[in-house]
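Comments concern the structure below.
Number of protein chains: 2
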Amino acid sequence: MTSITPQPVDWDVLASELAGIELITEPTQIAKLSLDYYHFSTVLQAKLSDKRGDLVVRPLNEAEVLRVAAACVKHKVPLTVRGAGTGNYGQCIPLNGGVILDTTRMSAIRWIKPGLACVEPGVKLAAFDKQARATGWEMRMAPSTYRTATIGGFIAGGSGGIGSITYGQLRDRGNLHAVRVVTLEDKPRVIGLRGDDVQKVNHAYGTNGIITELEIPLGPAYAWAELIVTFDDFMTAARFGQALGNADGLMKKLISIHAWPIPSYFLALKNYLPDGKHCALLMIAESCLEPFQDLVREYGGQVTYQKTAQEASRGTSLAEFTWNHTTLHARCIDPTLTYLQTFFFTLDRVEKMYHHFGDEVMMHLEFLRSNGQAMPAALQIVRYTTEERLNEIIRYHEEQGASIANPHTYILEDGGMKTVNVEQLKFKEMVDPYGLLNPGKMRAWLERAKSTIA
Amino acid sequence: MTSITPQPVDWDVLASELAGIELITEPTQIAKLSLDYYHFSTVLQAKLSDKRGDLVVRPLNEAEVLRVAAACVKHKVPLTVRGAGTGNYGQCIPLNGGVILDTTRMSAIRWIKPGLACVEPGVKLAAFDKQARATGWEMRMAPSTYRTATIGGFIAGGSGGIGSITYGQLRDRGNLHAVRVVTLEDKPRVIGLRGDDVQKVNHAYGTNGIITELEIPLGPAYAWAELIVTFDDFMTAARFGQALGNADGLMKKLISIHAWPIPSYFLALKNYLPDGKHCALLMIAESCLEPFQDLVREYGGQVTYQKTAQEASRGTSLAEFTWNHTTLHARCIDPTLTYLQTFFFTLDRVEKMYHHFGDEVMMHLEFLRSNGQAMPAALQIVRYTTEERLNEIIRYHEEQGASIANPHTYILEDGGMKTVNVEQLKFKEMVDPYGLLNPGKMRAWLERAKSTIA
């Protein structure tokens, strides 16, 4: 790592070069802006809790971003980009200090057309979605942190979420149309990437350029009713979820299935979640509710909660109990809990793991589409004991054919990606020759650096 | 069959009982209204060409339908319902003469709400779709006879079509919300069926009641661009179709793949269909065209034709070269050609059959969703020689694991359904105790009648 910041940095000089751009130098505020939600992971807590940036910059536009980039290159200072900091893997934690670039002031919505929009990275998902819905369209997918997260943060650090049961994940072709990025070359410039080329910066934790603009596709805005359906038996709930995912005639945005005792962590919903019952938290198009009831009947479910889209828009959305908000609610009750992220691919495998681990790994399924098929992904809640036991649990899943996107690592490739993306690495060599962007996160870069030094 | 019409009918008396309802008694017109497009099948031609109704009635509303039903019951006269007569299996051919009930004057659109509409059966699909689109919605699926077919005819005699790659088929839960039917009981009445109960009359060829009103779901109205993409190799075209079907981030309405020489039958498109090339006829959301081009590039396709939704709406739609319009165009050039309808389930099986039969069974794939998965269905063009050879071809497909929905039969169960639907049979016993509705089409009824007589 020492190769990245060989010289002591004169922060006053650097700050003076950024005159006119909003800076934060107050340590408490910097500390706050050096955080995300990595504390969901006991493992990451230990590794990241002392990491701090040295200076926060809050540019207003691309021109200011270019100036920040130039200053960082000149002083060879690490630069880590953040949105709202709602990630869970330390994606935006500055491992080597340096400048934190907060994008939240760059929140313009440039245009919204039928099916497509152009935005700055710092716009909040909920704010943008509201404007899109006024035109009859909406974001195709969003994380459960929808109310606070930014689009740039979601693209750079997320993978999918509510809506993925219809549109797949962010990495799927068509779910991100274009990005503009500022480079950290000796003379920083703006590069526009379109089509498949966007994959060079998609889900790269900001290691491959500073995103300054995005074109993202929209889906038609249905009126989404919110429902809770309860089941006596967990696997029946899981099969119901799969059947709903497969039901081409029923439009849905969310299929989130929770084995008891997970529902016991949802205090605000406790009137609708009888003791010992497993539940499905769902978003279903209002116009599909009648045939949907037949599906519920077929699987012997009980609808305990139902709100129209209008009613749901006034209170807390059920979405805020799903995806990684499930973990959040569980940890509010029991902070020793942590979680896993798993692709099971089949319900048979879900059933095997459900019985194998019992209460130690509480089953939380999120159905999503992958290459055209609805399948059970999971963010299981784990009763944490030791890192060794956690790794044992992960290993057992992998031995049984499940695929784990380890949430207990801040290394890009060790999370969801698994393999080094040669295209991303090559692109980084061009746009970030000094390795200043979010250093320490991309294994391929670290290993290349090592071999260069050796 | 003789049990159905035991008495000679006094048509003048019957006609006088229907005073005030539009009747057609002129033989040429009756002959015309006793036809559909069964002539696509050489086998059906031989069996159906002499079938005629005795009287055509054209009711204006449900009250008139009730009067027609009462008269038919009183005189024990067969009653066969028809829409525009665009079916291909003799669905509406009156096997035993009798009254033909033409629904085309019952064409009211009762209401259109977001995602759902209520219509009378005789409304033309194109006319209805135009009104729906003005509200931002459209029919989820339509046959290639979209411009002339009626909704009632599509529901009673169709199975899916353009749009099925997104929404599955008509039989899938949620693709038909409710129907009202008039019975042929001693005292005819109206029965409303909702939810799963609609399956009692869905795709029953009008054997289970006279549909007088339908609630059908709508999909959001995208602007659908129309494209032709050509390929050097057929299986590459087929794999491209599957990949597009699986691409959750690309919105599409039609994936129709044609092996050469089928494109040579599309005379109006010949400037876009180079000799010897295989082609894909596609409808893609305009907002998805940019990432779509990357998919084309990945599979080495050539876009030879591209129209915006606006441009496409002015001329002939590419949809009118797909589904069973493909067969129509082929038979215009060579009337000895006929066709099959096949579920291949996998591309491996497509490839095997493609090589096995060569030019005798020309491959025409239509991708559709079935239980959540995009899969290759087919309406292959067959060089017809004899009925024996046709059955041999069908048998070979079935031995290899493909499922054939035989289009060379007018028997409900021998087409797509395969098994007797006990619910439908029971319902028919109630609503049509004399077996007057479209007699001779439902095998379960015929066999029940036989066993009752024996």
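Protein chains in written order, with my numbering: chain Z, 31 to 484; chain R, 31 to 484.
In this text, a Cβ means the ideal position worked out from N, Cα and C, and glycines have one as well.
Keep in mind it's a predicted model, so treat the numbers as computed, not measured.
By the 10 Å Cβ neighbour count, where 16 or more other Cβ atoms means buried, how is residue i classified, buried or exposed?
i: Thr55/R; result: exposed
i: Cys362/R; result: exposed
i: Arg20/Z; result: Not covered by the structure: residue 20/Z. The range shown for chain Z is 31 to 484.
i: Gln430/R; result: exposed
i: Arg219/Z; result: exposed
i: Met557/R; result: With chain R represented from 31 up to 484, any question about residue 557/R goes unanswered, as that position is not in the structure.
i: Asp462/R; result: buried
i: His385/Z; result: exposed
i: Glu245/R; result: buried
i: Ser46/R; result: exposed
i: Val103/R; result: buried
i: Asn91/R; result: exposed
i: Leu325/Z; result: buried
i: Val43/R; result: exposed
i: Asn401/Z; result: exposed
How is residue i classed by DSSP in three states: helix, strand or coil?
i: Gly249/Z; result: strand
i: Ile285/R; result: strand
i: Gln430/R; result: coil
i: Leu398/Z; result: strand
i: His308/R; result: strand
i: Cys318/R; result: helix
i: Leu274/Z; result: helix
i: Phe374/R; result: coil
i: Thr266/R; result: helix
i: Val107/R; result: coil
i: Arg379/Z; result: helix
i: Met136/Z; result: coil
i: Arg170/Z; result: coil
i: Arg473/Z; result: helix
i: Met313/Z; result: strand
i: Ala484/Z; result: Note that Ala484/Z scores 40 on pLDDT, short of 50, meaning its location in the model is unreliable and no value can be drawn from it.
i: Glu47/R; result: helix
i: Thr32/Z; result: Per-residue confidence for Thr32/Z stands at a pLDDT of 39, beneath the threshold of 50, marking its modelled position as unreliable; the derived number appears in the next sentence. The answer is coil: DSSP assigns Thr32/Z none of H, G, I, E or B.
i: Thr352/Z; result: coil
i: Val326/Z; result: helix
i: Ala342/R; result: helix
i: Leu420/R; result: helix
i: Gly388/Z; result: helix
Taking 8 Å as the cut-off, is the C-beta of residue i nearer than that to any heavy atom in the ligand SAM?
i: Cys102/Z; result: This structure does not include the ligand SAM; it has no bound ligands of any sort.
Which whole-angstrom value describes the C-beta separation of residue i and residue j, a residue pair presumed to lie in contact below a C-beta threshold of 8 Å?
i: Ala147/Z; j: Thr134/Z; result: Wrong, their Cβ atoms sit about 18 Å apart, outside the cutoff.
i: Gly204/Z; j: Leu284/R; result: Not quite, the Cβ-Cβ distance comes to about 17 Å (not below 8 Å), so this is no contact.
i: His308/R; j: Thr260/R; result: 7 Å
i: Leu312/R; j: Leu367/R; result: No, Leu312/R and Leu367/R are not in contact; Cβ-Cβ is about 24 Å, not under 8 Å.
i: Val95/R; j: Val212/R; result: 5 Å
i: Val391/R; j: Ile434/R; result: That pair is no contact at about 11 Å.
i: Asp84/Z; j: Val129/Z; result: 7 Å
i: Leu248/Z; j: Gly145/Z; result: 5 Å
i: Trp353/R; j: Gly191/R; result: 5 Å
i: Tyr369/R; j: Ile411/R; result: 6 Å
For residue i, list the residues DSSP reports as bridge partners.
i: Gly124/R; result: Sequence check: residue 124/R is Pro here, not Gly. Per DSSP, none; premise fails for Pro124/R.
i: Leu244/R; result: Val149/R and Val209/R
i: Gly117/Z; result: Answer by DSSP bridge pairing: none, since Gly117/Z is not bridged.
i: Gln336/Z; result: Leu257/Z
i: Lys143/Z; result: Leu146/Z
i: Gly222/Z; result: Arg210/Z
i: Glu52/Z; result: Arg88/Z
i: Gln403/R; result: Ser400/R
Quick one: which residues of the stretch 311–340 of chain Z get their C-beta closer than 9 Å to a C-beta of chain R? List them in chain order.
Ala315, Glu316, Ser317, Cys318, Glu320, Pro321, Phe322, Gln323, Asp324, Leu325, Arg327 and Glu328
Select from the stretch 132–147 of chain R all residues with a C-beta closer than 9 Å to any C-beta belonging to chain Z, and list them in chain order.
Lys143, Pro144, Gly145 and Leu146
Can you list, in chain order, the residues of the stretch 420–451 of chain Z whose Cβ is nearer than 9 Å to any Cβ on chain C?
Note that chain C does not occur in the displayed structure, where the protein chains are Z and R.
Please identify, using Cβ separations under 7 Å, the residues of the stretch 397–416 of chain Z that lie next to chain R, in order along the chain.
Arg399, Asn401, Gly402, Gln403 and Ala404
Check distances from the C-beta atoms of the stretch 199–213 of chain Z to those of chain R and list, in chain order, the residues that come in under 7 Å.
Asp202, Arg203, Gly204, Asn205 and His207
Please name the residues in the stretch 270–285 of chain R whose beta-carbon is closer than 7 Å to at least one beta-carbon of chain Z, in chain order.
Gly275, Asn276, Ala277, Asp278, Gly279 and Leu280
Mind listing which residues of the stretch 166–178 of chain R have their C-beta closer than 7 Å to chain Z's C-betas, in chain order?
Gly166
For the stretch 226–248 of chain Z, enumerate the residues whose C-beta is nearer than 8 Å to any C-beta of chain R, in chain order.
Asp226, Pro247 and Leu248
Could you name the residues of the stretch 248–268 of chain R whose beta carbon sits closer than 9 Å to any beta carbon of chain Z, in the order they occur along the chain?
Leu248, Gly249, Pro250, Ala251, Tyr252 and Ala253
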